[in-house]
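So the structure is just underneath, and the comments pick up after that.
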Amino acid sequence: MGNVPTTVKHCLSYEQLIEDYPWLRRWLQEDKTITGHAYPEFVKIVEVGPRDGLQNEKEIVPTGVKIQLIDMLSGTGLSVIEATSFVSSKWVPQMADHTDVLRGIQKASNVQYPVLTPNLQGFQDAVAAGATEVAVFGSASETFSKKNINCSVDESMLRFEEVINAAKKRQIPVRGYVSCALGCPHEGHIEPSKVAEVAKRLYEMGCYEISLGDTIGIGTPGSMLKMLQRVMKDVPINALAVHCHDTYGQALPNILTALQMGVSVVDSAVAGLGGCPYARGSSGNVSTEDVLYMLHGMGIETGVNIAKVIEAGSFICSALSRKTNSKVAQARSTACCDESL
Amino acid sequence: MGNVPTTVKHCLSYEQLIEDYPWLRRWLQEDKEIVPTGVKIQLIDMLSGTGLSVIEATSFVSSKWVPQMADHTDVLRGIQKASNVQYPVLTPNLQGFQDAVAAGATEVAVFGSASETFSKKNINCSVDESMLRFEEVINAAKKRQIPVRGYVSCALGCPHEGHIEPSKVAEVAKRLYEMGCYEISLGDTIGIGTPGSMLKMLQRVMKDVPINALAVHCHDTYGQALPNILTALQMGVSVVDSAVAGLGGCPYARGSSGNVSTEDVLYMLHGMGIETGVNIAKVIEAGSFICSALSRKTNSKVAQARSTACCDESL
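Protein chains in written order, with full-length UniProt numbering: chain Z, 1 to 341; chain L, 1 to 315.
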C-alpha cells in the first residue's frame, strides 16, 4: 500500500484513510471511479418518445398506436414517460388527441406521465384530462423563442409562471426545459450564462427539475462541459437533466460528459424517434436503447429492461413503417452473437 | 462461391456454410461489387489532401480470401503519395510482406487477436501460430527499417467466445510490442464495448504497453464508439482509428455499422479543442465521393447533417 504507515492501517477507518491520503482513492481505483471521475450509481431515464419523438414524425400517428406504445413502455421499468402535449392542435397537429391519449393509457402506479403545458389554458385542459405532472418549455435563445412559440423569452417566463403557480396550488410538480442549451439554429452560439439565467428562473419559479436540451445536436463534450459548469453555479446538480440530440452523433459522449459532471437524469426516446426539423433526414433524439446499453455497460443502474424497450421500439417502428434509429436495436435484430445484453 | 463443393451448397444451411467457411461471410458481407481500382486510388488521393497523416491503403492478403483487395499492388503503385503521409498496408505473412515491399510499401501492419476462436476462424491458425508468422514479418521489416503496426482484434469481446479477459488482450498486445511493433491498435471488433469495458481493458493493457504506443479502433455497431473513444482519450490514448463515411459494415450483425466515421470523430475532437491537423470539410468531401461511387448512404451523422442542415454553426 505504498507510503501508508502500518499503524495507520490498523488504527484508522477506510473513510479516514481516504480523507487523509486523497491519492489513495485514485490508487485503489474504486470501481465507480473512471478516469478520475465518479459516475452516479443510478440514472433516471426520462422517456420522451411518445411526445418529443412522435411530435417530430411526419405522419399523424393513430391514437390507439400512441396508447399502445405508452402502455408497452409502462412495463419496461421506466419511471417517467412523457405522454403528450397540451398545445393547440393548430400548431402541433400530431398532439391533437392529447386528452384521448392521457385518458386512454393504463397508468402504472410507479410511473409518472408528465405532459407539456405551454400556457394556463393548456394546463387546465391537462388537469381536466387527469394530468398529475406537467412540463414547460423555455429557450436560451431569443430568436428560437420568437420563431417557435411566438414570444420573447421574458414573455414566455410570464406564461410559465402562471402555469407553475396554478400547478403549485394543486401540488402538481412542474419540470422545466431549456432548449438551445448548446446552440441555436438561428443564432448559432449560445452563451452558457444565458442558459444558466433561464434555467435559474425556471428553477426559482418552482420547477423541480430542469432539462437542458441540445436542440440541434451540435454540442460536443467541450461545449457540454462549459455549459454545465456555468449552470451548476445557479442550479443544484441534482435538479439538472440533459436532453441530447444525436444529429451529429455526439449524444452519447455528451451524456457521458454530463454524468462525469454529476448529472443523473437523462432524456431519451425509444428507437430514437423524432428527426431534426433543422436538418432534414437527420436523427434527433438519442435512442433510449443506446443510452441504456452504455449505462448498463458501465455498471450504472437504471431499473429499465432494455429488451422490453427494444420490443416497444420495434412495435412503433413497425407501426410507422420506418427503421429504428437505435444502433443497439438494429444490431440485436441481426447479430449472430448475443454477448451484449 | 469459390471452393465450396456443390454438394455442400445444396445440403447445408446458410448458417452451417458460414460456420465452416468463415471467408464466405466476409465475401457476402462486403459490397457485392468490387470497387474499381481507379475509385480506390481517387479516394486515397482525396484523403491525402485532408491533413490526415496515416491512411491505411490496402491489404497484401491472398485475393482468394479477400477479393476486394486483389488489386493491392496497383493501388499502392497508383496513388500519389503525399510527403507528410504514411500509407501502411496489411501484411499477414512473409509472402505478403515481400509483395508489399516490391510494390513500394514503407510501413506495414499485422493483425493479431485476443480470441483463440476468432484467430482460428478468421486466419485459420491459433494466436501462438499467428505470432510466429508476425515475428517473421517484423524481423524482415526491421532489416529494411520498415515500421510495423500491430492490431489486436476482439479487445472488448468476441463474436464466438463472448467476453475476453483484459489480461489476454494485454498478453497479445505485449507480445506484438516486444516483437517490435511501434504501435498497438486495440480493436473493438464487434462494437460491443462500453466506457466500462474500455476502461478496464486499457487499465490492464497499460501495465504492459506504454500508453503512447496504444491506439483504439472502435466499431460503432452498438453506437458506443464515440463514448469509448472519449474514455480512451481520458486514459491518455492519443491515436484513434476511424474510417471516412464510416465505411465497412459489421460482418457479425448484417446491416449494422462497423467502423466509426472519421467525420464524427473529428467533430467531437475539434469541439473539445483537440488538434488533429485534419480538415473535416475535405474528409466529408472524400466521403461524399466514395458513397456516390458505391451508391450508398454515408454512415457519418455529421456528413448527413451537413448535407441537409439549415444552419452551419457546427463547422
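A virtual CB, placed ideally from N, CA and C, is assigned to each residue, including glycine.
If you're wondering where the values come from, they're calculated on a predicted model, not measured in any experiment.
Worksheet item: Should residue 299 of chain Z be flagged as near chain L, meaning a C-beta pair shorter than 8 Å?
Response: Here residue 299 of chain Z corresponds to residue number 299 of the first sequence, with the count starting at 1. Judged by the 8 Å Cβ criterion, residue 299 of chain Z is in contact with chain L.
Worksheet entry | For residue 124 of chain Z and residue 116 of chain Z, the rounded distance between their alpha carbons | For the purposes of this step, residue 116 of chain Z is taken as the residue at position 116 of the first sequence. For the purposes of this step, residue 124 of chain Z is taken as the residue at position 124 of the first sequence. Those two C-alpha atoms are separated by around 12 Å.
Fill in: Minimum Cβ-Cβ distance from residue 49 of chain Z to chain L less than 8 Å
The count along the first sequence starts at 1 and reaches residue 49 of chain Z at position 49. Not an interface residue.
Practice prompt. Tell whether a beta-carbon distance below 8 Å holds between residue 290 of chain L and residue 245 of chain L.
Written response: On the second sequence, position 290 is the one that residue 290 of chain L refers to. On the second sequence, position 245 is the one that residue 245 of chain L refers to. The answer is yes: Cβ separation under 8 Å.
Item to complete: Could you pull the start and end residues of the alpha helix (DSSP H) that residue 47 of chain L belongs to?
Response: Numbered from its first residue, the second sequence carries residue 47 of chain L at position 47. Run containing residue 47 of chain L: 37-48, per the alpha helix (DSSP H) assignment.
Discussion item. For a contact defined as C-beta to C-beta under 7 Å, what are the partners of residue 302 of chain L on chain Z?
Written reply: As a working mapping, residue 302 of chain L is identified with position 302 in the second sequence. Chain Z residues near residue 302 of chain L: 248, 249.
Practice prompt. State the Cα-Cα distance for the pair residue 72 of chain Z and residue 194 of chain L, rounded to the nearest angstrom.
Written response: On the first sequence, position 72 is the one that residue 72 of chain Z refers to. On the second sequence, position 194 is the one that residue 194 of chain L refers to. C-alpha separation (whole angstroms): 27 Å.
Worksheet item: Just checking my contact of residue 240 of chain L with residue 229 of chain L at CB under 8 Å: how many whole Å lie between their CB atoms?
Response: Taking the first residue of the second sequence as position 1, residue 240 of chain L is located at position 240. Taking the first residue of the second sequence as position 1, residue 229 of chain L is located at position 229. Correct: roughly 6 Å between the Cβ atoms.
Practice prompt. Please work out which residues of its chain come closer than 8 Å, Cβ to Cβ, to residue 185 of chain Z, disregarding the five sequence neighbours upstream and downstream, and give them in chain order.
Written response: Here residue 185 of chain Z is taken as the residue at index 185 of the first sequence, counted from 1. Excluding residues within five positions, the ones whose Cβ falls inside 8 Å are 144, 215, 216, 278.
Item to complete: Along the alpha helix (DSSP H) that carries residue 271 of chain L, what are the first and last residues, could you check?
Response: Numbered from its first residue, the second sequence carries residue 271 of chain L at position 271. Looking at the DSSP string, the run of the alpha helix (DSSP H) that includes residue 271 of chain L is 262-271.
Worksheet item: Going by other Cβ atoms of all chains shown within 10 Å of its Cβ, with 16 needed for buried, is residue 148 of chain Z buried or exposed?
Response: Here the question's residue 148 of chain Z lines up with position 148 in the first sequence. It is buried - the Cβ of residue 148 of chain Z has at least 16 other Cβ atoms within 10 Å.
Worksheet item: Do we get a CB-CB distance below 8 Å when we pair residue 214 of chain Z with the residues of chain L?
Response: Position 214 of the first sequence, counting from 1, holds the residue named residue 214 of chain Z. So, not an interface residue.
Discussion item. Against residue 253 of chain Z, what residues of chain L qualify as contacts under a CB-to-CB distance less than 7 Å, listed in chain order?
Written reply: The residue given as residue 253 of chain Z occupies position 253 in the first sequence. Within chain L, the residues near residue 253 of chain Z are 226, 227, 230, 268.
Discussion item. Quick check: the Cα distance between residue 237 of chain L and residue 235 of chain Z, rounded to an integer number of angstroms?
Written reply: Here residue 237 of chain L refers to the residue found at position 237 when the second sequence is read from its first residue. Here residue 235 of chain Z refers to the residue found at position 235 when the first sequence is read from its first residue. If I take the Cα positions, the gap works out to 34 Å.
Discussion item. I'd like the list of long-range same chain contacts for residue 279 of chain L, defined as Cβ closer than 7 Å, with 5 residues on each side in sequence excluded.
Written reply: Here residue 279 of chain L corresponds to residue number 279 of the second sequence, with the count starting at 1. Cβ neighbours of residue 279 of chain L beyond the five flanking positions: 50, 51.
Discussion item. Quick check for students: name the residue ranges of the alpha helix (DSSP H) that lie wholly in the segment 146-216 of chain L, counting only runs of 4 or more.
Written reply: 166-179, 195-205
Discussion item. From the DSSP secondary-structure annotation, give me the bridge partner or partners of residue 422 of chain Z.
Written reply: Absent from the model: residue 422 of chain Z. The displayed extent of chain Z is 1 to 341, so no value can be given.
Worksheet item: Which residues, taken in chain order from the segment 179-205 of chain L, show a beta carbon closer than 8 Å to some beta carbon of chain Z?
Response: 190, 191, 192, 193, 194, 195, 196, 197, 199, 203
Worksheet item: Buried or exposed: where does residue 254 of chain Z fall if 16 or more other Cβ atoms within 10 Å of its Cβ makes it buried?
Response: For the purposes of this step, residue 254 of chain Z is taken as residue 254 along the first sequence, with counting starting at 1. The residue in question, residue 254 of chain Z, is buried, as its Cβ has 16 or more Cβ neighbours within 10 Å.
Item to complete: For residue 113 of chain L, count neighbouring C-beta atoms within 10 Å of its own C-beta (all shown protein chains included) and say buried if the count is 16 or more, exposed if not.
Response: Translated into the one-based positions of the second sequence, residue 113 of chain L becomes position 113. That one is buried.
Discussion item. Distance check for residue 307 of chain L and residue 282 of chain L, CA to CA, integer angstroms please.
Written reply: Mapped onto the second sequence, residue 282 of chain L falls at position 282. Mapped onto the second sequence, residue 307 of chain L falls at position 307. Spanning the two alpha carbons is a distance of roughly 13 Å.
Practice prompt. Can you tell me which of L:105, L:156, L:101 puts its alpha carbon nearest to the alpha carbon of residue 81 of chain L?
Written response: Walking along the second sequence from the start, residue 81 of chain L turns up at place 81. When only C-alpha atoms are compared, the closest one is L:105.
Worksheet item: Leaving out five residues before and five after residue 36 of chain L in sequence, what residues of the same chain have Cβ atoms less than 7 Å from its Cβ?
Response: Translated into the one-based positions of the second sequence, residue 36 of chain L becomes position 36. The answer is none, since no qualifying residue turns up.
Item to complete: Specify the secondary structure class of residue 27 of chain L as computed by DSSP and reduced to three states.
Response: One-based indexing of the second sequence puts residue 27 of chain L at position 27. The predicted model places residue 27 of chain L with a pLDDT of 49, which falls under 50 and marks its position as unreliable; any figure quoted below should be read in that light. In this structure, residue 27 of chain L counts as helix in the three-state DSSP scheme.
Worksheet item: Secondary structure at residue 29 of chain Z, three-state DSSP: helix, strand or coil?
Response: What you label residue 29 of chain Z is simply residue 29 of the first sequence in a count that begins at 1. Summary for residue 29 of chain Z: the model assigns pLDDT 45, below 50, so the residue's position carries little reliability; its value from the coordinates is reported in the next sentence. Coil, per DSSP.
Discussion item. Tell me which residues of the segment 211-225 of chain L have at least one Cβ-Cβ distance to chain Z shorter than 8 Å, keeping chain order.
Written reply: 220, 221, 222, 223, 224
Item to complete: For the beta strand (DSSP E) containing residue 177 of chain Z, list its first residue and its last residue.
Response: Within the first sequence, the letter at position 177 stands for residue 177 of chain Z. Segment 174-179, the beta strand (DSSP E) holding residue 177 of chain Z.
Practice prompt. Check the Cβ-Cβ distances between residue 30 of chain Z and every residue of chain L, and say whether any is below 8 Å.
Written response: Against the first sequence, residue 30 of chain Z aligns to sequence position 30. In this predicted model, residue 30 of chain Z has a pLDDT of only 42, less than 50, meaning its place in the structure is not dependable; the value taken from the coordinates is given anyway. So, not an interface residue.
Item to complete: Output the boundary residues of the alpha helix (DSSP H) element that contains residue 220 of chain L.
Response: In the second sequence, counting from the first residue as 1, residue 220 of chain L sits at position 220. Looking at the DSSP string, residue 220 of chain L is not in any alpha helix (DSSP H), and its letter there is neither H nor E.
Fill in: CB contact check: residue 327 of chain Z to chain L, cutoff 8 Å
Translated into the one-based positions of the first sequence, residue 327 of chain Z becomes position 327. Output row for residue 327 of chain Z: interface = yes.
Worksheet item: On the three-state DSSP scale, how would you describe residue 56 of chain Z?
Response: Against the first sequence, residue 56 of chain Z aligns to sequence position 56. Three-state DSSP puts residue 56 of chain Z in coil, outside helix and strand.
Worksheet item: From what residue to what residue does the alpha helix (DSSP H) around residue 64 of chain Z run?
Response: Here residue 64 of chain Z corresponds to residue number 64 of the first sequence, with the count starting at 1. Taken as a continuous stretch (DSSP letters only), the alpha helix (DSSP H) holding residue 64 of chain Z covers 63-74.
Worksheet item: When you compare each of Z:63, Z:131, Z:204 to residue 161 of chain Z by their alpha carbons, which one comes out closest?
Response: As a working mapping, residue 161 of chain Z is identified with position 161 in the first sequence. Closest by alpha carbon: Z:204.
Discussion item. Need the endpoints of the alpha helix (DSSP H) that residue 104 of chain Z sits in, please.
Written reply: Locating residue 104 of chain Z in the first sequence gives position 104, counting from the first residue. Taken as a continuous stretch (DSSP letters only), the alpha helix (DSSP H) holding residue 104 of chain Z covers 98-104.
Practice prompt. Closer than 8 Å by beta-carbon distance: list the chain Z residues that pair up with residue 45 of chain L, in chain order.
Written response: Position 45 of the second sequence, counting from 1, holds the residue named residue 45 of chain L. Result: empty, since nearest Cβ-Cβ is about 26 Å, beyond 8 Å.
Discussion item. Here's a check: name, in chain order, each residue in its chain whose Cβ is nearer than 8 Å to the Cβ of residue 275 of chain Z, leaving out the five neighbours to either side.
Written reply: Counting from one through the first sequence, the residue named residue 275 of chain Z turns up at place 275. The answer, listed in chain order, is 56, 57, 281, 282, 283, 284.
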